[in-house]
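Chemist: The structure that follows is given in the form of structure tokens.
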Amino acid sequence: MTYTSDEKHFELTVNGSKHQVKDSFLGASLLSVLRDHIGMTGSKGACEEGECGSCSVLLDGNLVCSCLVLAASVTQSSIVTIEGLGGATDVQQAFVECGAIQCGFCSPGLVMAATNLLDRNPDPDVDDVREALAGNLCRCTGYGRILDAVQVAVDGRKRNKL
Ligand code: FES
Ligand code: FES
1 MTYTSDEKHF
11 ELTVNGSKHQ
21 VKDSFLGASL
31 LSVLRDHIGM
41 TGSKGACEEG
51 ECGSCSVLLD
61 GNLVCSCLVL
71 AASVTQSSIV
81 TIEGLGGATD
91 VQQAFVECGA
101 IQCGFCSPGL
111 VMAATNLLDR
121 NPDPDVDDVR
131 EALAGNLCRC
141 TGYGRILDAV
151 QVAVDGRKRN
161 KL
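Counted from 1, the sequence shown has number 31 at position 31 by the working numbering; the numbering is strictly sequential.
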């Protein structure tokens, strides 16, 4: 961990870039620092207690709830947010095509979780998908279209491999 003399300065590696974090409470969550200090507002805060998954990011390749991670404790880690996926990915396009987005608050977390699943397992069955998305709550869609969207992304990746 890197501190300046005022002990309120540390550095995070987000989406491959270094970000100096100043004026942050050392007990601040990663979600809070991403949104309020780095300006990456793609990760959403809904419950802020690890229940909804809307704040999901990758920490050294593992999906985590950023609201439960102390930002100052992950200065040596690689953090990937929804912004780091690059936009208009196959998974994002599948969500749009299938109408898997209503208010959109859950969508960044679901896209992170679905992308992480497909990167780990290119041929998930429906139970694999349900398990991978089990930590992501959606209050709007009823989940059917979200499951459809993940299947569209799976099928698309398979076609692209042929
Ligand atoms: S805001 Fe982090 S799990 Fe809900
Ligand atoms: S689309 Fe509204 S919470 Fe999921």
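Ideal Cβ placement from N, Cα and C applies to all residues, glycine included.
1. Is the segment 60–69 touching the segment 140–154 in the sense that three or more CB pairs, one from each, lie closer than 8 Å?
2. Note down, in chain order, each residue of its chain lying with its Cβ closer than 8 Å to the Cβ of Arg35, except the 5 sequence neighbours on either side.
3. Give the straight-line distance between the Cα atoms of Asp123 and Gly16, rounded to the nearest whole angstrom.
4. My output table needs one value for Thr75: the three-state DSSP class, helix, strand or coil.
5. Considering only the alpha carbon of each residue, which of Asp125, Arg157, Ala153, Pro108 lies closest to Leu31?
6. Tell me whether Val96 is buried or exposed, calling it buried when 16 or more other Cβ atoms sit within 10 Å of its Cβ.
7. When DSSP labels each residue in this structure, what does Gln20 get in the three-state scheme?
8. Just to check my reading of the structure: Cys106 and Ser73 have Cβ atoms closer than 8 Å, yes? What is that Cβ distance to the nearest angstrom?
9. Relative to ligand 2, is the shortest distance from any of its heavy atoms to the C-beta of Ser107 smaller than 7 Å?
10. State the start and end residues of the unbroken beta strand (DSSP E) segment that holds Thr115.
11. Closer than 7 Å: is that where the CB of Cys140 sits relative to any heavy atom of ligand 1?
12. Give me the Cα-Cα distance between Ile79 and Ile38, rounded to the nearest whole angstrom.
13. Return the Cβ separation of Met112 and Val57 in integer angstroms, given the expectation that the two are a contact with Cβ distance under 8 Å.
14. How many Å lie between Asp155 and Val69 at the Cα?
Modeler: Considering the structure as presented:
1. no
2. Thr41, Ser43, Gly45
3. 28 Å
4. coil
5. Pro108
6. exposed
7. strand
8. Contact doesn't hold; Cβ gap of about 26 Å is too wide.
9. yes
10. Here Thr115 belongs to no beta strand (DSSP E); instead the alpha helix (DSSP H) covers 107–120.
11. no
12. 12 Å
13. 7 Å
14. 34 Å
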